[in-house]
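Chemist:
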Amino acid sequence: VTMELADGRVHCVECVGGDGSSARALRGVLVNCARALPFMRQSIPKGFTAVKDACMVHDWDRVALPIDGREGAVQQLRARLDQTVDVHAALAFWSLLGFILVHGDWLIPRPTDMIDLVRPLVHHD
Numbered sequence: 723v724t725m726e727l728a729d730g731r732v733h734c735v736e737c738v739g740g741d742g743s744s745a746r747a748l749r750g751v752l753v754n755c756a757r758a759l760p761f762m763r764q765s766i767p768k769g770f771t772a773v774k775d776a777c778m779v780h781d782w783d784r785v786a787l788p789i790d791g792r793e794g795a796v797q798q799l800r801a802r803l804d805q806t807v808d809v810h811a812a813l814a815f816w817s818l819l820g821f822i823l824v825h826g827d828w829l830i831p832r833p834t835d836m837i838d839l840v841r842p843l844v845h846h847d
């Protein structure tokens, strides 16, 4: 198996003590590769964007919550958004892109919040 990125070069990233320039350079290469994909010209439905934005700014009372049910994420999001938005499809879309995490019947609207909770357990003495 041969792995090749963009122009065939290997891109190394200093992620511990660097100034961030190598990570920015790699991001630029990845963005250019992604833009060359044929489906990248398709627009994202406004309702999907509204769901992502609501997940990011909503003051959730829990880090993880059920997707469905009386107090589930879908009900809370529908209360804030246009009722025509397919919230389930939007959650699945953004989960595939890594903005949110959907696992079974559970939603983690901001995965970084979960990481912040788990980090002290992983780095304990």
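With the working numbering, the residue at position 122 of the sequence shown is 844, and numbering never jumps.
Where a beta carbon is used, it is the ideal one built from N, C-alpha and C, also for glycine.
Computed from a predicted model, the values in this text were never measured in an experiment.
Return the bridge partner residues of W828 from the DSSP annotation.
Modeler: Bridge partners of W828: P788 and H825.
Chemist: I believe R792 touches A776 by the beta-carbon criterion, under 8 angstroms. Please report the beta-carbon distance rounded to the nearest angstrom.
Modeler: Actually they are not in contact, since the Cβ atoms of R792 and A776 sit about 19 angstroms apart, beyond 8 angstroms.
Chemist: In chain order, what residues of the same chain have a beta carbon less than 6 angstroms from the beta carbon of M725, not counting five sequence neighbours either side?
Modeler: The predicted position of M725 is uncertain, since its pLDDT is 48 and thus under 50; a value taken from the coordinates is nonetheless stated next. Taken in chain order, the list of residues that qualify is empty.
Chemist: Are at least three pairs of beta-carbons, each pair with one atom in the region 740 to 756 and one in the region 777 to 788, less than 8 angstroms apart?
Modeler: The region 740 to 756 vs the region 777 to 788: no contact.
Chemist: Tell me whether the region 798 to 812 and the region 755 to 771 touch, counting them as touching only if at least three CB pairs, one residue from each stretch, are closer than 8 angstroms.
Modeler: In short, these stretches touch, since the Cβ pair count reaches three.
Chemist: Determine the direct distance from the alpha carbon of L748 to that of C755, and round the result to whole angstroms.
Modeler: Computed Cα separation, rounded: 11 angstroms.
Chemist: Exposed or buried, what is P831 when buried is set at 16 or more other beta-carbons lying within 10 Å of its beta-carbon?
Modeler: By the neighbour-count rule (16 or more Cβ atoms within 10 Å), P831 is buried.
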